[in-house]
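> Let me begin by handing over the structure; questions about it come next.
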Ligand code: P6P
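Written out as C-alpha cells, the structure reads:
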C-alpha cells in the first residue's frame, strides 16, 4: 500500500504489520537509521566547505581532532542505534569486531543485529561524487538476554528481515525492503522529511547498461572478459552502454531504475573480489531480488552464501535478471 508523497514515517507505520517480528521495534530501528542518514547527509553536502574530508587523526585549523567523514558517519549510525534500545549488536565496515550493545536494564534483551557500511565510496567525496550508506538487519539467533554472538552476524543473506541503502547524490534517497517489495523515499532537505518518490521499484525486464571497472580487465577470469566482450559486441540489442561511477550504491541504484548490471568480479590479485558480503552484497542482493532482479557471485545466489567471517569479500554480479544469468553462463563456460 503506498500513496505518492507519503512520508517515510507514515509509510513505516502503515506497513509495519508486514514485519515478521515485533513491528514496533523494527519500525523504530528503521526510523533511527533514517534520522542518522539525515545527519550524515548534512555533513556530506558540506564536505567541501568544512575540514571534514581530511584524514582521521589530523587536526583542523582550529586544532580540533579531525574526523574522516566515514568515521563520523559510523559514529552517527552506531550512536543512533545504541540510543534506540533496539539492537543487541552492530557490525560495521569501520569496526574490526562487532559491538555488543547492552539494553537499558544492562541486559541483552534486544532482538536485532545491524550490519552497516556507514559511508561506502567515501573516497569519492573529495571529488564531489555520490556516496552511500548500506545496511542489513537480522533477528538475533542467540538467546535473548545473553551477549550477542558472532553467529548472530554470520547468518546467510536469505535470513535478513530488512535491508536498504541511502544515496547521498543530487538528491538524497532512502531505499529499503522488509521482504515486501522495494520503495524509495527522497529527502526534502528544506523540511528534513523523506517522501515516497519511488513506490514499488522493479528492475526493467531488459537492460542495456553494464557497470564494471574495466581497468581490471587484464586481471579478470576468462569468463568475465568474454562477458564484457559480449556486452560490447554489435549484435541484437548490443552494444550496451558502459557506465561506472565507482560508488556501488550509485551504480546499483541507477541500474535498478534504468536497467543494467553492476559487477565487481574476482581478479588474479583479489580472488574474492573487493566487495564485502555482509554489509554491501547481502543487503543489495536482498533489494535486487525484491525488485525482480538477481544477485550472484558468478555461480550462485549471493543470499545463500553461508558467511564465515565478518569482513569477508565475494565477487558480486547484480542487476536485471537476464543480464546476470548471461554473465553466469560465461562464468560457467570458462570455469
Ligand atoms: P574500484 C568504493 O570504494 C567501493 O567499495 C564501491 O562502492 C565501488 O563500486 C568500488 O569500491 C570501486 O572500486 O576498484 O573500481 O575503484
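Numbering (my numbering), first residue to last: 845 to 1179.
Virtual Cβ for every residue (Gly too), placed ideally from N, Cα, C.
Give the single residue among 1131, 1033 and 956 whose Cα lies nearest to the Cα of residue 1046.
As a first step, residue 1046 is located in the chain shown; it is residue number 202 there, counting from the start. The shortest Cα separation from residue 1046 among 1131, 1033 and 956 belongs to 1131.
> Beta-carbon separation of residue 1171 and residue 1089 under 8 Å?
Mapped onto the chain shown, residue 1171 falls at position 327. Mapped onto the chain shown, residue 1089 falls at position 245. Not a contact, by the Cβ cut-off of 8 Å.
> May I ask which residues mark the beginning and end of the beta strand (DSSP E) holding residue 983?
As a first step, residue 983 must be located in the chain shown, where it is residue number 139. Element bounds for residue 983: 975-983.
> I'd like to check one pair, residue 970 with residue 1091: are the Cβ atoms closer than 8 Å?
Counting from one through the chain shown, the residue named residue 1091 turns up at place 247. Counting from one through the chain shown, the residue named residue 970 turns up at place 126. Residue 970 is positioned such that its CB atom lies no closer than 8 Å to that of residue 1091.
> Taking 7 Å as the cut-off, does the CB of residue 1100 come closer than this to any heavy atom belonging to the ligand P6P?
Counted from its first residue, the chain shown places residue 1100 at position 256. Residue 1100 has its CB no nearer than 7 Å to any heavy atom of the ligand P6P.
> Could you tell me whether the Cβ atoms of residue 1159 and residue 1141 are closer together than 8 Å?
Position 315 of the chain shown holds residue 1159. Position 297 of the chain shown holds residue 1141. In contact: residue 1159 and residue 1141 (Cβ atoms closer than 8 Å).
> Just verifying my parser: in three-state terms, what is the DSSP assignment at residue 1120?
Reading the chain shown from its first residue, position 276 is the one you call residue 1120. DSSP, read as helix, strand or coil, puts residue 1120 in strand.
> What's the C-alpha gap between residue 927 and residue 966?
The residue labelled residue 927 in the question sits at position 83 within the chain shown. The residue labelled residue 966 in the question sits at position 122 within the chain shown. Whole-angstrom Cα-Cα distance: 25 Å.
> Quick one: is residue 1143 buried, meaning 16 or more other Cβ sit within 10 Å of its Cβ, or exposed?
Taking the first residue of the chain shown as 1, we reach residue 1143 at position 299. Exposed is the call here.
> For the beta strand (DSSP E) holding residue 964, just list the boundary residues, first then last.
On the chain shown, residue 964 is found 120 positions in, with the first residue counted as 1. From DSSP, the beta strand (DSSP E) with residue 964 extends over 956-964.
> Using 8 Å as the threshold, is the stretch 953-963 in touch with the stretch 913-926, meaning 3 or more CB pairs across them?
Result yes; three or more Cβ-Cβ pairs closer than 8 Å.
> Would you mind stating whether residue 1138 and residue 1168 have Cβ atoms separated by less than 8 Å?
On the chain shown, position 294 is the one that residue 1138 refers to. On the chain shown, position 324 is the one that residue 1168 refers to. Cβ atoms of residue 1138 and residue 1168: closer than 8 Å.
> If you drop the 5 nearest sequence neighbours on each side, which residues of the same chain put their C-beta closer than 8 Å to that of residue 974?
To locate residue 974, count along the chain shown from 1; it is residue 130. Answer for residue 974: 965, 968, 1011, 1012, 1013, 1014, 1089, 1091, 1093 and 1094, listed in chain order.
> Give every residue of the same chain whose Cβ lies closer than 7 Å to the Cβ of residue 1124, excluding the five residues on either side of it in the sequence, and list them in chain order.
The residue labelled residue 1124 in the question sits at position 280 within the chain shown. Result list for residue 1124: 961, 964, 978 and 1092, in chain order.
> Compute the minimum distance between the beta carbon of residue 1090 and the heavy atoms of the ligand P6P, and state whether it is under 7 Å.
Residue numbering aside, residue 1090 sits at position 246 when the chain shown is read from its first letter. If you check the C-beta of residue 1090 against the ligand P6P, you find a heavy atom less than 7 Å away.
> I'd like the span of the beta strand (DSSP E) that includes residue 935, first residue to last.
Against the chain shown, residue 935 aligns to sequence position 91. 931-936 is the extent of the beta strand (DSSP E) around residue 935.
> According to DSSP, is residue 1163 part of a helix, a strand, or is it coil?
For the purposes of this step, residue 1163 is taken as the residue at position 319 of the chain shown. In the structure shown, residue 1163 sits in a strand (DSSP, three-state: E or B).
> List, from N- to C-terminal side, the alpha helix (DSSP H) runs of 4 residues or more that fit wholly inside the stretch 996-1080.
1066-1076
> Using a Cβ-based criterion (distance less than 7 Å to any ligand heavy atom), does residue 967 qualify as near the ligand P6P?
The sequence position of residue 967 within the chain shown is 123, counting from 1. Checking every heavy atom of the ligand P6P against the Cβ of residue 967, one is found closer than 7 Å.
> Compute the Euclidean distance between the alpha carbons of residue 952 and residue 943, then round it to the nearest angstrom.
Mapped onto the chain shown, residue 952 falls at position 108. Mapped onto the chain shown, residue 943 falls at position 99. Rounded to the nearest angstrom, the two C-alpha atoms are 12 Å apart.
> Based on the DSSP output, what are the partners of residue 881 in its beta bridges?
Taking the first residue of the chain shown as 1, we reach residue 881 at position 37. DSSP lists no partner for residue 881.
> Would the C-beta of residue 849 count as close to the ligand P6P, meaning under 7 Å from any of its heavy atoms?
Here residue 849 refers to the residue found at position 5 of the chain shown. No.
> Could you tell me if residue 881 is buried or exposed, where buried requires 16 or more neighbouring beta carbons within 10 angstroms of its beta carbon?
Position 37 of the chain shown holds residue 881. With 16 or more other Cβ atoms within 10 Å, it is buried.
> With residue 849 and residue 1039 assumed to form a contact (beta carbons below 8 Å), what rounded beta-carbon distance in angstroms separates them?
If you number the chain shown from 1, residue 849 lands on position 5. If you number the chain shown from 1, residue 1039 lands on position 195. About 5 Å; that satisfies the 8 Å criterion.
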